[in-house]
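**Student:** The numbers in the numbering used here rise by one with no breaks, and the one at position 35 of the sequence shown is 38.
For every residue, glycine included, the Cβ atom is placed at its ideal position computed from N, Cα and C.
First the structure, which I've put down as structure tokens, then a few questions once you've had a look.
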Amino acid sequence: MSISILDKSLIIDIFYDEFASDFDDNICIRFKENCPTDEKILKSDITNIYITPEEACLLQLTLQRAVKKQRATCQEESA
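In structure tokens form, the structure reads like this:
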């Protein structure tokens, strides 16, 4: 699955890496930057971070909680 953020200058790919199946941390989060050098936030054009399925679930849960809080806050402000 790919997600484009920061005006499509940063692409995040998230996938199960079959070639890393011998390792516990075989869920890959790949960051690809497509922007001028002076705007880059990472040193490389492509950066891979490998996490375990448990860490992936924690990341998912943390993101869901942040979104839930943001939505609740926005609803309170608009009421």
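In whole angstroms, what is the alpha-carbon distance linking tyrosine 19 and glutamate 42?
**Tutor:** In a straight line, the C-alpha of tyrosine 19 is about 29 Å away from that of glutamate 42.
**Student:** Whole angstroms is fine: what's the gap from isoleucine 32's alpha carbon to isoleucine 54's?
**Tutor:** Each residue's alpha carbon lies about 8 Å from the other.
**Student:** What do you get for isoleucine 52, buried or exposed, if any count of 16 or more other CB atoms within 10 angstroms of its CB means buried?
**Tutor:** Looking at its Cβ environment, which holds fewer than 16 other Cβ atoms inside 10 Å, isoleucine 52 is exposed.
**Student:** Using DSSP bridges, identify the partner residues of threonine 50.
**Tutor:** Paired residues: Phe34.
**Student:** Could you check which residue in Glu58, Leu62 and Ile14 has the C-alpha nearest to that of aspartate 27?
**Tutor:** Closest option to aspartate 27, Cα to Cα, is Glu58.
**Student:** Grab me the residues of leucine 13's own chain with a C-beta within less than 6 Å of its C-beta, minus the 5 sequence neighbours each way, in chain order.
**Tutor:** Glu36.
**Student:** Count the other CB atoms, across all protein chains shown, that sit within 10 Å of the CB of isoleucine 6; report buried if there are 16 or more and exposed otherwise.
**Tutor:** The residue in question, isoleucine 6, is exposed, as its Cβ has fewer than 16 Cβ neighbours within 10 Å.
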